[in-house]
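Engineer:
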Ligand SMILES: Nc1ncnc2c1ncn2[C@@H]1O[C@H](COP(=O)(O)O)[C@@H](O)[C@H]1O
Ligand SMILES: Nc1ncnc2c1ncn2[C@@H]1O[C@H](COP(=O)(O)O)[C@@H](O)[C@H]1O
Ligand SMILES: Nc1ncnc2c1ncn2[C@@H]1O[C@H](COP(=O)(O)O)[C@@H](O)[C@H]1O
Ligand SMILES: Nc1ncnc2c1ncn2[C@@H]1O[C@H](COP(=O)(O)O)[C@@H](O)[C@H]1O
Ligand SMILES: [Mg+2]
Ligand SMILES: [Mg+2]
Ligand SMILES: [Mg+2]
Ligand SMILES: [Mg+2]
Ligand SMILES: [Mg+2]
Ligand SMILES: [Mg+2]
Ligand SMILES: [Mg+2]
Ligand SMILES: [Mg+2]
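Protein chains in written order, with my numbering: chain A, 1 to 222; chain B, 1 to 222; chain C, 1 to 222; chain D, 1 to 222; chain E, 1 to 222; chain F, 1 to 222; chain G, 1 to 222; chain H, 1 to 222.
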């Protein structure tokens, strides 16, 4: 009664309904996951706590808990990865949970991910040292809190789509990530698009859709 | 003295510096355009008024004024369009200037654009009647003011990347587009990314980067 | 001393004063309920915690604890339901507590309620599958968090009054329900009215007033 | 090209698409009105200026300009009014344009309207003097700016649905109507629902839907 | 070292420095109180918790803990009360802690206080029943949360100074008392002045200054 | 029809309804003034423009236009001033219109006013030079824009009631007077009460009520 | 009467009172300037319009109008410049008026200024090309609108004090410079301090105080 | 993997990377400190809790825990202090943690610090009593919560650079320090620059950069 799982989603969107764990009990999460796995090959659960992970791993042997990312993934059989990479760049150590949520989402959706952590604008040489890896990706996710300046700098140096993720890292006038969010929306680096504060999931999902598009078009050619 | 045009931008980004006309005099705009055209094939000027358009057309015979979009474009010779289309969907008649800015930007950057205007959520059958055209695009730009609900609905029905553009259309508690912006950032339609309020230019630019990515990867295969 | 119960309210408003439990001790709540039941047939207590429910059920045998709704109701003898139904539509599983508060309020006030949960805009076919039930109601309450787009879509498809309830479900730029609230206030679906964030009680109360109006007018005719 | 009029709206909603004049040229407004009148009996245009009114009256002999309300209405033949009244109560002289927009909307939709102006809470005896008229209505629209306290007071004295309309009347910390809006959303007068700042149209529309509901149910009985 | 008590304050302001307990340890509070009592007859401590009260009562026999008001007062010998009363009116049961803080402050400063609780605008007859008592006061403090409408109504009925205190009582769009604060600042009831959200202390202090003024002028006459 | 003048106000409040000129036509203002003067000795019109002043002076010979204050006053015969003074202190030259509105309001209500302009906190010696005059007043109105620090400083040096008026003077992060308003609400100077941004009228009115209170109590003694 | 010029300011602060032209008439500005020049060697007028400049130049032969900076300066005899430079770096062409206000302020206060315009983060190579000049300054003022990322990048590369000036350049979610302001306040580049939006004057003043400090200390050594 | 310490920072900025403890585990903090101390003489850790301090002191004998400041410092050998002092002025006892963070930062960076606590504007004589000490400093840090008026007053009395630090001390309309922040940004005291709410670290860092500048210039002269 409490949920009406969208069982057509994989058809329309290419991936089954993702379970948003926040505010759900472990039982509800296990129930919805069971329902989805009746007809799907894989499932992703985000924003969970230890107890949800335990409940899921107790029920499903193959469930994997990504603890920094606060996610559980479950695949009946492994995906073959599509060509092309997604780079996940992050500004500081404290932004890692959000960056990992993006990376885990992109991986379960069939993509290869390169992680480039702790390269914030206070010491740009760290970013320049990783530039080649970044430029070789098909899509670049940039995660940053505080003033959120990193996406502008990255977008100025690449021709690939940049997805910016503001985080709630900071204090005072960061207002829970608002400063980073506004900064990214006003980026002078053309072509930057933005997702909600701390929304690593959304960035990983959008990046996967873009990378999948390349694959789809290539297939239709061959 | 007043400007230091970024003459490497086409190399790094695939398109020369775009001139932001707001707050510049017609003379400044013509000056910067002249500088860019010394080494580039095409130029885009956004957020201009009648007088800027006149000054540009007086100086450059080939300049085209897109009056609804408030843009001028100028190409020494026409681009060949890359494969794949970009759909520009908009919610109401009043959102047209922003939608046109997106469309003109995507076109000057070498893309074919399909326009689907006035299909807001108050009468969804209008959207359903255009669904095939929307689903056939590589990227979908969705422009909406007021509550900004259209991107969520579109994203629920397609597997392609959706770029949402909030507009300042509305009054009272729309707070200059804030309501639409927040709505789009909180979209429950997975994979929606967002640009600044009224930033048709940014959406067109990002969509073009995505579409170009398809082309690049296809070329590298062939 | 601490309270001056409004003992005329049922006369003026058709229903006795409702007890707002938040910030009151169990003793205060029991005290006010006792006072009201001296002269009234029924009482509704909202926003309570487990301990208030326990205290009320200890004192009053007929007290019913609606735990998802965080309410207690108590009727000396059952109401006869008035004709016509109120539909309570909700977008996601996490919106259920607010939707239930609306439903319980409407029921204790003498109305028949139809519940339509988890039909958010990310998968509209779920809504379309329940459309007939929704259209047959006299009033429709639509509960949604995040971007709050569902009331616009529902209002576009029915001719009945739609009462929208934004919830605080979401994170980041949802700003505690502000995004949903602004979205609903700016709805392009004509005839939508809005109550406070998470105010299921207010929506149920207003819906009951509307449904009662139908009954009153019908009586005056017959 | 610029608009895709929703020609099914009268079927779904009971009234044809209403034209929002703000940001449209007189030519666009006349064009859309002409299109609607091809198949509908009446049309309502809101938020217009003198020049739109002139253009409409030049084209349509029967067009009526409601100048305080900033609306034009046009009926091929007069509506028969449905039973029951809608009261439009307003706090101060400066709130009149919004109150009139509500009244004109309710009237063109087939309702009888009672106007009760300038009865704000600074001198409550003015309100008490009109109480009987207010209590005899089926629905009460209350329009107020500044602190927006009037709907709470009215709702405390009637059992009928109250629709509150905050206005942008005020200065300083009224923040363009925000103070009144927040006040109304937090009303302790149970059963108050709220529309956008200055949205007289929305209040009139919702009130008409409620009054029509009475009529529909009565018909189905008889 | 941690504090530099303002020992001249009673001279300049007529009352010694008041200790703001929030964020101070019980030891700090006792230390500052001891210092003040070296040269003063009385002391007021606000915003304390149980443990501060215990520490103060252990050290000072005459300390009185006003638990609803979250204050401690201490007088070496009782004040003679000045003529005239201060009325403390409050809208709902949940506003009591703030109302009591105002009352306790006014009393320790030498005033007689009349308390009129739970007379909010949802049932105005409760207010009318207490009107004579309110009108007989020299100053009226009105405490209200949610939409904060009560000060406007009171101010419309009296010729005495009204000090409005918004409280953080409410949820959702009350935004921690912002709705009530803005409402009171925009009051159409002339002569209303406002203090910070939940600042019962400030209201009591200002009311006492006004009442003292009467006394001072009367003395200078006699 | 457009206004329902509150003809009992002088009875309840001690002064007839004050006409808020903003958003009213000269004709409306003259009409309301005429109505009030049928039964009252004096009238105050605030927030007017040149044309309202002209219309009022044309109709009423005794009307006086206070142009800096943007007010018109009209007295059939002069008031005798009550004892005690009201000090109107202001921070900078740009705050003068608001300070004058306060002064004119207090004067027409029968008070003697001392003006102390341009003594902001950037050069405190200017304030100290006027301290005796300030301390001799019964009530002190302090008007300041930008950071609004002056009321805190004044309140620290006097024992009389201080009414703070934030102004919209400033730019950028002053956000139309919000910075000054918040500063004054958070004043560490005990006993400061606050009115709306730019609300000189409200401050003058409240100050007059306080000064009148002194007079009333003195009379009742004598 | 309207102003009380702070004639001691040069003694206390090292520079005479600066005239803020906004909201003053040309006559008032000329009057205050005349008063200051009675005892001072130089004067600075900011935020003026053409007509103020004309009035000042008519009265004072030596007045210089800095039109981009919207300032007038006047020196009876030229200052000798103190050692050390102040760098004024700006992100885009549209930020020039604010950057010039900072530069003109620093110059009239006796400093040598280096201007480095249009080196925003979208093309960082432009900044790197000017790095030596920037690093040789004693203080660096960085002016930027939109997302305001430039100060973070500059602060990461220098050991000198960086003063960040957010500008109101941008649209939509820049909210009049709020995005840039919040970005700069949250800068991860240690040692960045911030002034108000568009406050070039304040930045120039603070930079001069720092540079003067060097000079003072050096003098005291020699 | 989790961090990429910026090992060049001391070269570029004159001080090694400072560790921001908030949101890091004790292990992460010890790990980064160890890495930095491989090549640096000293390290500063800010925003830590008891357990981080314990872990650091267990690993490093010379670690010092500044508990009020919530910092740990560690120096292999003591710094020689540079000439000149930095004054840290604070308004109230509750602002001490932020003031101490500023003082500890300035000290570990090689500066002599004078502390002047609890001299807020409610009793200005306390400030005047310490004026000489304040005026003798090279840089003045002013820390204040609530309305944040102290920096304006201090800046009016000194010719040295003033760095203002707003704190989150306060309640209600202080909105977590926003009131103090806005007050300081709008300061009429020329030359005030501002850092983030509660950012004692940033103020200490900036003050040290300014004081170091004096030293550098003096050295280059000698
Ligand atoms: N208390 C503080 N407030 C603001 N920034 C800080 C603070 N302490 C350290 N930092 C900065 O935070 C950066 C480290 O961020 P992270 O990579 O997350 O460890 C350093 O470069 C410091 O400059
Ligand atoms: N309509 C637009 N909205 C946002 N950014 C734009 C727009 N048009 C151009 N730009 C960007 O503005 C930058 C130029 O800024 P400026 O130096 O002030 O001319 C270019 O790098 C563009 O990427
Ligand atoms: N969940 C709720 N949300 C908003 N208002 C409520 C709620 N429950 C009860 N109320 C109202 O709160 C008022 C009681 O307030 P109080 O005097 O504080 O108990 C009643 O008049 C109800 O109309
Ligand atoms: N300058 C002012 N600021 C705020 N309220 C005012 C002002 N002038 C008059 N008023 C109030 O506005 C009310 C009249 O409102 P209205 O009915 O719109 O004319 C009167 O009751 C006055 O108390
Ligand atoms: Mg780091
Ligand atoms: Mg349309
Ligand atoms: Mg669901
Ligand atoms: Mg009126
Ligand atoms: Mg109550
Ligand atoms: Mg001045
Ligand atoms: Mg540029
Ligand atoms: Mg203190």
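From the three backbone atoms N, C-alpha and C, an ideal C-beta is built for every residue, glycine too.
1) I'd like the span of the alpha helix (DSSP H) that includes residue 16 of chain G, first residue to last.
2) Residues of the region 106–126 of chain E in Cβ contact with chain C at a cutoff of 8 Å, in chain order, please.
3) How big is the Cα-Cα spacing for residue 166 of chain H and residue 17 of chain G?
4) If we count the other Cβ atoms within 10 Å of its Cβ and call it buried at 16 or more, is residue 15 of chain E buried or exposed?
5) Please list, in chain order, the chain C residues whose beta carbon lies closer than 8 Å to that of residue 28 of chain A.
6) Looking at the secondary structure, which residues open and close the beta strand (DSSP E) in which residue 112 of chain G lies?
7) Exposed or buried, residue 151 of chain F, counting other C-beta atoms within 10 Å across all chains shown (16 or more means buried)?
8) List, in chain order, every chain E residue whose beta-carbon is nearer than 7 Å to that of residue 193 of chain F.
9) Using the beta-carbon of each residue, which ones in chain D are nearer than 7 Å to residue 71 of chain E?
10) Out of curiosity, what's the CA-to-CA distance linking residue 121 of chain B and residue 90 of chain B?
11) Hey, is residue 95 of chain B close to ligand 6, as in C-beta under 6 Å from one of its heavy atoms?
12) Helix, strand or coil for residue 78 of chain F? Go by DSSP, reduced to three states.
13) Starting from residue 64 of chain G and walking both ways along the alpha helix (DSSP H), at which residues does that stretch end?
14) Tell me whether residue 91 of chain B sits in a helix, a strand or coil according to DSSP, three-state version.
15) Are the region 75–82 of chain E and the region 113–131 of chain E touching, with three or more C-beta to C-beta distances below 8 Å?
16) Under a three-way DSSP split, which group does residue 57 of chain D fall into?
17) If you run the structure through DSSP and keep just helix, strand and coil, what is residue 73 of chain G?
18) Among F:92, F:208, F:76 and F:106, whose alpha-carbon lies nearest the alpha-carbon of residue 38 of chain F?
19) Between the region 133–148 of chain B and the region 90–100 of chain B, can you find at least three pairs of beta-carbon atoms closer than 8 Å?
20) Can you pull the chain B residues whose beta carbon is under 7 Å from the beta carbon of residue 3 of chain D, in chain order?
21) For residue 171 of chain E, which of C:154, C:201, C:54 and C:25 has the nearest alpha-carbon?
22) Ignoring anything shorter than 4 residues or poking outside the region 159–204 of chain C, list the alpha helix (DSSP H) runs there in chain order.
23) Do you know how far the Cα of residue 205 of chain F is from the Cα of residue 159 of chain E?
24) Run through the DSSP bridge pairs and tell me what residue 144 of chain G is partnered with.
25) Counting only C-beta atoms, is residue 23 of chain H closer than 7 Å to chain A at any point?
Structural biologist: The relevant details are as follows:
1) Here residue 16 of chain G belongs to no alpha helix (DSSP H), and DSSP marks it neither H nor E.
2) 117, 118, 119, 122, 123, 125 and 126
3) 26 Å
4) If you draw a 10 Å sphere on the C-beta of residue 15 of chain E, you find 16 or more other C-beta atoms in it, and that means buried.
5) For a Cβ distance threshold of 8 Å, residue set 93 of chain C lies close to residue 28 of chain A, ordered along the chain.
6) 112–116
7) Classification for residue 151 of chain F: buried.
8) Residues of chain E passing the Cβ test: 163, 193, 194, 195 and 206.
9) Result: empty, since nearest Cβ-Cβ is about 27 Å, beyond 7 Å.
10) 10 Å
11) Residue 95 of chain B: no, Cβ never under 6 Å from ligand 6.
12) Shown here, residue 78 of chain F sits in coil according to DSSP, grouped into three states, outside any helix or strand.
13) Element bounds for residue 64 of chain G: not the alpha helix (DSSP H) but the beta strand (DSSP E), 64–66.
14) Under the three-state reduction of DSSP output, residue 91 of chain B falls in the coil class, being neither helix nor strand.
15) no
16) Looking at residue 57 of chain D - three-state DSSP - the assignment turns out to be helix.
17) strand
18) F:76
19) These segments touch.
20) 93 and 118
21) C:201
22) Qualifying alpha helix (DSSP H) stretches, in chain order: 178–185.
23) 11 Å
24) G:166
25) Yes, residue 23 of chain H lies at the interface with chain A (some Cβ there is under 7 Å from its Cβ).
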